[in-house]
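To start, the structure itself, in structure tokens.
Numbering (this note's numbering), first residue to last: 33 to 765.
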């Protein structure tokens, strides 16, 4: 007995020692100099997506040469040039100094969840012109102090701090990277958890854990910031997502970092095998590697046609707009203007556009899955999860790269390198064309190539990768596209083959491989689009297409279609559920600006990605995600209403969402209005999604409608052979 007790003591001692060492190695540490920047390429614990624990893998492929537009930029000397420029390193360090000397933070423990530019009031920005004095710089700060959430405004010039009331709504701020890291470490300090892992046959050194937002499901979860942690085995593969320790869920208090509860209901479910799960090129067997095409690169011998002034002002073809990274939204496009080919005037199209929220509910109501209903922007920070883009693969050779500058929980700034890329795209598409029929005797053949400008960001939110493109076209169209790639979130099962499954059993998904189920889920991406078509006072028009019957004897035809224009008076008039057999066009117009023939100038939303949420409206996840109840909403401009899921999304109860605001039914006719559009995807996994998914994409368009007097790209010249470089295949040289 003494020998057995000694053995138990040694195992416990070694486990505790391992946890302490592991924690010491992985926890991010403050740089020795507070002004020193942390670059995510070298300080990964501060920047990893949902902080999956994984040893660094050697790069078995040679690094590609850096493209000419990829910069090594020293942000320490950055200065703002435009009222909408993000906070600089110097400003962030000044903010940190102001906050640490404020009474609220002096004698209490605190965490800074958000520090971002508080944009000046819209009328002031619209009046500002380059060369004018910069508008006063302010910051919005979201902090947790002694377990309470606070929103503050900090005036950088006066050092004045204003504390705002935040008690009216439930929920907590976006998690910090440190929240996620320490949450996944917490179970390792619990002996019961470690014992469970070992009983499952997993070595603690092979463990990978994820912090999973828990949603809100009742009063028992109130007054505590809670998170659920689930773990995987990394043994034998980099793709640990395919090796879940099914049924094991640890509830952790985010503030105390203590384990609240351990649920283990999957002891009979084996951990799936690692065979054929590794997706890295270096892991593929030689006979499996496919060279389906020769390398492709679009060469620009005269260089790109776009310029970026003062780090954030993009000018290309007939477009001009302000571009910046954002920790929550990812990418923000502001002050988008297009040049009129007839007058040469830069005309306002959109004041501000960005990804407001992502709602990703999984369709499995069982104990280890029901809570997986992520809000990736408000809970994790869509921009915080944006990884460095891979030159030549994520973006083409002549892309320009833009970094993000964010802050750690103590206010220390760090750099997210190559977070956004900007490039010109030509995929052989046609801008416009016409060939005259031979019967006319006119030998006319006219065609124009379609070249576009793309702004791209890719967020790796743990297993999933979201690719968001803002694509600008010379005809005035803006295409907003979302691509889904990365790795499925899968469920362990006892089944190896569908023949073993009883007819009545619900898998809640698809059997993808032995012991692996891909769970059915949805993706909803809601965009905030503050449209300013030739000015502030706009209206929303539902152009309904209705079938009309002809009168007896009126025509050989019995029916035709008619466009009936209905101007939305209030918000409820503009709540749109798309219907295939009750079609409409959706216009944002400026009623006071008319074309030569009298049409109001406008832009229309061309829907895409039209999957709609089918969850019960009273289901707790749908209450929080009520902004997906409609595909289109229109609200009056309100600077405080930008996040569709509310300011504090984490564990919110859904009382501060776009759906709540819109219930006020405020007037929107001939007002400064905001359009909201939700792209939706239903995803029933299939075997082609294993072990990693080919990208699936959808998009919607903002398209000019009577905005120009005629085709705005009529005067663009065609391509001629003399204008293009002549390249020869390597084999012919």
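Built from N, CA and C at the ideal position, the CB exists for glycine as well.
Just to confirm my understanding: we take residue i, look at its own chain, exclude 5 residues before and 5 after, and list those with CB closer than 8 Å. What are they?
{"i": "residue 327", "result": "none"}
{"i": "residue 757", "result": "331, 333"}
{"i": "residue 111", "result": "120, 122"}
{"i": "residue 258", "result": "246, 283, 284, 285, 286, 292, 683"}
My assumption, with CB atoms under 8 Å, is that residue i sits in contact with residue j. Please give the rounded CB distance.
{"i": "residue 154", "j": "residue 383", "result": "7 Å"}
{"i": "residue 713", "j": "residue 731", "result": "That belief does not hold up - the Cβ atoms of residue 713 and residue 731 are roughly 12 Å apart, past 8 Å."}
{"i": "residue 524", "j": "residue 705", "result": "That belief does not hold up - the Cβ atoms of residue 524 and residue 705 are roughly 48 Å apart, past 8 Å."}
{"i": "residue 193", "j": "residue 147", "result": "Between residue 147 and residue 193 the Cβ distance is about 13 Å, and since that is not below 8 Å, they are no contact."}
{"i": "residue 504", "j": "residue 693", "result": "Incorrect: roughly 29 Å between the Cβ atoms, too far for contact."}
{"i": "residue 225", "j": "residue 292", "result": "About 12 Å; that fails the 8 Å criterion."}
{"i": "residue 28", "j": "residue 661", "result": "Any answer about residue 28 is impossible in this case: the structure gives the chain only from 33 up to 765."}
{"i": "residue 744", "j": "residue 507", "result": "6 Å"}
{"i": "residue 664", "j": "residue 613", "result": "Actually they are not in contact, since the Cβ atoms of residue 664 and residue 613 sit about 18 Å apart, beyond 8 Å."}
Label residue i either buried or exposed according to how many other C-beta atoms from any shown protein chain fall within 10 Å of its C-beta, with 16 as the threshold for buried.
{"i": "residue 263", "result": "buried"}
{"i": "residue 272", "result": "buried"}
{"i": "residue 364", "result": "buried"}
{"i": "residue 750", "result": "exposed"}
{"i": "residue 81", "result": "For residue 81, the predicted model reports a pLDDT of 38, less than 50, meaning its position is unreliable; a value from the coordinates is still stated below. With 16 or more other Cβ atoms within 10 Å, it is buried."}
{"i": "residue 755", "result": "exposed"}
{"i": "residue 474", "result": "exposed"}
{"i": "residue 128", "result": "buried"}
{"i": "residue 459", "result": "exposed"}
{"i": "residue 646", "result": "exposed"}
{"i": "residue 427", "result": "buried"}
{"i": "residue 432", "result": "buried"}
{"i": "residue 309", "result": "buried"}
Starting from residue i, trace the beta strand (DSSP E) both ways and give me its first and last residue.
{"i": "residue 245", "result": "239-245"}
{"i": "residue 438", "result": "432-439"}
{"i": "residue 596", "result": "591-599"}
{"i": "residue 684", "result": "That residue, residue 684, is in no beta strand (DSSP E); it is neither H nor E in DSSP."}
{"i": "residue 16", "result": "The requested residue 16 is not part of the displayed model; the chain covers only 33 to 765."}
{"i": "residue 491", "result": "484-493"}
{"i": "residue 479", "result": "477-481"}
{"i": "residue 450", "result": "445-457"}
{"i": "residue 362", "result": "362-371"}
{"i": "residue 505", "result": "496-505"}
{"i": "residue 166", "result": "Unbroken run through residue 166: none, as it is neither H nor E."}
{"i": "residue 354", "result": "351-358"}
Which first and last residues belong to the alpha helix (DSSP H) in which residue i is found?
{"i": "residue 157", "result": "154-159"}
{"i": "residue 122", "result": "121-132"}
{"i": "residue 212", "result": "209-217"}
{"i": "residue 693", "result": "690-694"}
{"i": "residue 747", "result": "Where residue 747 is concerned, there is no enclosing alpha helix (DSSP H), given that its DSSP letter is neither H nor E."}
{"i": "residue 654", "result": "652-656"}
{"i": "residue 231", "result": "223-231"}
{"i": "residue 136", "result": "135-138"}
Enumerate in chain order the residues of its own chain whose CB-to-CB distance from residue i is below 6 Å, with the five nearest sequence positions on each side excluded.
{"i": "residue 249", "result": "652"}
{"i": "residue 666", "result": "572, 606, 700, 705, 707"}
{"i": "residue 766", "result": "Examination of residue 766 is not possible in this model, given that the chain is present from 33 through 765 alone."}
{"i": "residue 679", "result": "none"}
{"i": "residue 99", "result": "Caution is warranted here: a pLDDT of 43 is assigned to residue 99, below 50, making its placement in the model unreliable, and the coordinate value is therefore given only provisionally. Excluding sequence neighbours, residue 99 sits near 423, 429."}
{"i": "residue 759", "result": "none"}
{"i": "residue 466", "result": "478"}
{"i": "residue 659", "result": "558, 676, 689, 690, 691"}
Is residue i near the ligand GDP, going by C-beta to nearest heavy atom under 8 Å?
{"i": "residue 655", "result": "Among the components of this structure there are no ligands whatsoever, and the ligand GDP is therefore not found."}
Tell me which same chain residues have a C-beta within less than 7 Å of the C-beta of residue i, skipping the five on either side of it?
{"i": "residue 179", "result": "287"}
{"i": "residue 354", "result": "114, 116, 344, 345, 366, 367"}
{"i": "residue 143", "result": "175, 176, 208, 441"}
{"i": "residue 379", "result": "369, 370, 372, 566"}
{"i": "residue 374", "result": "741"}
{"i": "residue 579", "result": "591, 593"}
**Report entry** Cβ pair count under 8 Å reaching 3, the stretch 644-660 against the stretch 685-704
**Finding:** With the cut-off at 8 Å, the stretch 644-660 and the stretch 685-704 touch.
Report task. Inspect the CB distances between the stretch 603-614 and the stretch 714-726 and report whether three or more fall short of 8 Å. Result -> Result no; under three Cβ-Cβ pairs closer than 8 Å.
Query raised in the report: Just checking, does the stretch 448-461 make contact with the stretch 483-497 on the three C-beta pairs under 8 Å criterion?
Result: Result yes; three or more Cβ-Cβ pairs closer than 8 Å.
Report task. Flag this pair as touching only if the stretch 558-577 and the stretch 615-628 have three or more C-beta atom pairs under 8 Å; answer yes or no. Result -> Because the criterion of three Cβ pairs below 8 Å is met, the stretch 558-577 and the stretch 615-628 touch.
Report task. Assess, as a yes-or-no matter, whether the stretch 494-505 is touched by the stretch 350-370 under the definition of 3 or more beta carbon pairs within less than 8 Å. Result -> Short answer: they touch.
Requested in this report: Would you be able to state if there are at least three C-beta pairs under 8 Å between the stretch 333-344 and the stretch 377-397?
Outcome: The answer is no - the stretch 333-344 does not touch the stretch 377-397, with fewer than three Cβ pairs under 8 Å.
Query raised in the report: Are three or more beta carbon pairs between the stretch 544-554 and the stretch 512-524 nearer than 8 Å?
Result: Yes, they touch.
Query raised in the report: Taking contact to mean at least 3 C-beta pairs separated by less than 8 Å, is the stretch 231-246 in contact with the stretch 269-287?
Result: Verdict: yes, contact present.
Report task. Report yes or no: do three or more beta-carbon pairs, one from the stretch 310-322 and one from the stretch 343-350, lie closer than 8 Å? Result -> Remark: fewer than three beta-carbon pairs, one from each stretch, lie closer than 8 Å, so the stretch 310-322 and the stretch 343-350 are not flagged as touching.
Query raised in the report: If we count Cβ pairs, one from each stretch, closer than 8 Å, do we get three or more for the stretch 394-404 versus the stretch 533-542?
Result: Yes, the stretch 394-404 is in contact with the stretch 533-542.
Query raised in the report: For the 8 Å Cβ check, are there 3 or more pairs between the stretch 217-232 and the stretch 154-169?
Result: Verdict: no, contact absent.
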